[in-house]
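In terms of my numbering, the sequence shown opens at residue 167 and continues consecutively. Where a beta carbon is used, it is the ideal one built from N, C-alpha and C, also for glycine.
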Amino acid sequence: MSINDTTNPIVVAVDGSDPALRAAGWAAAEARRRGRRLRIVHTYEWPLRVYGPAIVDGADLLAALETAAAAAVRDAAAAVADFGVDAETEVRRGPVVPVLREVSEHAALLVLGSRGLGGFTGLLAGSVTVALAAHAHCPVAVVRGDEPDPGGPVVVGVDGSPASEEAVALAFDEAAVRGVDLVAVHAWTDAPMPLTPAGGHVPELDWTALAEEAAETLGERLAGWREKYPQVTVRRVVEHDRPAHALLEAAKDAGLLVVGSRGRGGFAGLALGSVSQAVIHHAGCPVIVARPVNT
167 MSINDTTNPI
177 VVAVDGSDPA
187 LRAAGWAAAE
197 ARRRGRRLRI
207 VHTYEWPLRV
217 YGPAIVDGAD
227 LLAALETAAA
237 AAVRDAAAAV
247 ADFGVDAETE
257 VRRGPVVPVL
267 REVSEHAALL
277 VLGSRGLGGF
287 TGLLAGSVTV
297 ALAAHAHCPV
307 AVVRGDEPDP
317 GGPVVVGVDG
327 SPASEEAVAL
337 AFDEAAVRGV
347 DLVAVHAWTD
357 APMPLTPAGG
367 HVPELDWTAL
377 AEEAAETLGE
387 RLAGWREKYP
397 QVTVRRVVEH
407 DRPAHALLEA
417 AKDAGLLVVG
427 SRGRGGFAGL
437 ALGSVSQAVI
447 HHAGCPVIVA
457 RPVNT
């Protein structure tokens, strides 16, 4: 997201669950910070692929879905009424992931709850969230935890990949808008490991040199951004650790955790299938998976 651009709204997907209402509140606060509009969206699938027409009349089921959809967006709008943002609501019909992916084409940020009601209308912090984090057209926020500390730092994972560059850019932006510190974390277990010789002996590694190289890499990745955001205090953390564990530890008191949608792969790349999935399932604070920005 760009601080100065306010063209596209922040979109929050709701399903009537308590986590979705918390997500709506978080999205409204983010929209207020950035001077953006808020769009509240509920989607339901029809016709359903599996239901018992002999037991439930199709017209009655559709009416129930429409009633639940109207209630979901109405409750979310009421929950954000005091935030002072320009909010609009929309109900869409269709499969959840394709519909929300389409909606994300015109969003600055797509916000999801950590879990939903389940079944055909629930926004699960599993398949739906992972699919959107991997394929949405904008950054995706997953609102986890209870009430994040508004003064808590923004934590970002840095591994030098293009996706982590997007995460660093977004994290600096968030820290600047929130007026908080930025904690940049690089876990250096992704250092190249030598091949084991035929005899099975693994050459001894110079861990000090590897740590210094990791610290240098982190410094290089932050240099230009520190010049662009001189008001942001940056704390650098270099850990000989698994990236997911290092990020979760660093984010224990954070207000926000930012990761890339994928990484370098190998031992510890910030890949959606590993690190990003781990943090969106286990972080104690909201998580943003950075993706190319819609303006």
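{"Check": "Three-state secondary structure (DSSP) at G279?", "Outcome": "strand"}
{"Check": "Tell me which residues share the same chain as V262 and place their Cβ nearer than 6 angstroms to its Cβ, disregarding the 5 neighbours each side in the sequence.", "Outcome": "T209, V294"}
{"Check": "Using the C-alpha atoms, what's the distance from G390 back to H352?", "Outcome": "17 angstroms"}
{"Check": "Using the three-state DSSP reduction, which class does E313 fall into: helix, strand or coil?", "Outcome": "coil"}
{"Check": "Curious, which full-length beta strand (DSSP E) runs of at least 3 residues does the segment 237-262 contain?", "Outcome": "253-259"}
{"Check": "Please return the same chain residues whose Cβ sits closer than 6 angstroms to the Cβ of E378, not counting the five positions on each side in sequence.", "Outcome": "none"}
{"Check": "When the Cα of L376 is compared with those of V398, D407, L423, which residue comes out closest?", "Outcome": "D407"}
{"Check": "Between which two residues does the alpha helix (DSSP H) harbouring A190 extend?", "Outcome": "184-200"}
{"Check": "State buried or exposed for A230, treating a residue as buried only when at least 16 other CB atoms are found within 10 Å of its CB.", "Outcome": "exposed"}
{"Check": "Looking at V309 and R188, is the spacing between their C-beta atoms short of 8 angstroms?", "Outcome": "yes"}
{"Check": "My understanding is that A456 touches A329, with C-beta atoms under 8 angstroms, so please give their C-beta distance in whole angstroms.", "Outcome": "7 angstroms"}
{"Check": "By the 10 Å Cβ neighbour count, where 16 or more other Cβ atoms means buried, how is P409 classified, buried or exposed?", "Outcome": "buried"}
{"Check": "In whole angstroms, give me the CA-to-CA distance for A302 and R267.", "Outcome": "5 angstroms"}
{"Check": "Any chance the segment 238-249 sits against the segment 197-214, with 3 or more Cβ pairs inside 8 angstroms?", "Outcome": "yes"}
{"Check": "Got a sec? Which residues, its chain only, sit under 6 angstroms from A113 by beta carbon, not counting five neighbours each side?", "Outcome": "Because residue 113 is not part of the residues shown, which for the chain are 167 to 461, the question remains open."}
{"Check": "DSSP beta-bridge partners for A151?", "Outcome": "With the chain represented from 167 up to 461, any question about residue 151 goes unanswered, as that position is not in the structure."}
{"Check": "Among D347, G450, C451, S442, which residue has its Cα nearest to the Cα of A297?", "Outcome": "S442"}
{"Check": "Whose C-beta lies closer than 7 angstroms to the C-beta of D315 among residues of the same chain, with five residues either side of it excluded?", "Outcome": "D419, G421"}
{"Check": "Identify, in the order they occur along the chain, each residue of the same chain with its Cβ nearer than 8 angstroms to the Cβ of L275, setting aside the five sequence neighbours on each side.", "Outcome": "M167, I176, V177, A193, E196, C304, P305, V306, A307, I454"}
{"Check": "Going by DSSP, what residue range makes up the beta strand (DSSP E) through T399?", "Outcome": "From DSSP, T399 is part of no beta strand (DSSP E); its letter is neither H nor E."}
{"Check": "Can you check whether the CB of A341 is closer than 8 angstroms to the CB of V320?", "Outcome": "yes"}
{"Check": "Could you spell out the range, first to last residue, of the beta strand (DSSP E) harbouring R205?", "Outcome": "204-210"}
{"Check": "Tell me, which residues are paired with L422 by DSSP?", "Outcome": "V320"}
{"Check": "G318 and P185 look like a contact to me (Cβ under 8 angstroms); what is the Cβ gap, rounded to whole Å?", "Outcome": "That pair is no contact at about 20 angstroms."}
{"Check": "Could you tell me if W212 is buried or exposed, where buried requires 16 or more neighbouring beta carbons within 10 angstroms of its beta carbon?", "Outcome": "exposed"}
{"Check": "Reducing DSSP to helix, strand and coil, say where H406 ends up.", "Outcome": "coil"}
{"Check": "Does DSSP classify V441 as helix, strand or coil?", "Outcome": "helix"}
{"Check": "State yes or no: is the C-beta of V239 within less than 8 angstroms of the C-beta of V257?", "Outcome": "yes"}
{"Check": "Between which two residues does the alpha helix (DSSP H) holding V180 run?", "Outcome": "Note, V180: premise wrong, no alpha helix (DSSP H); not H, not E."}
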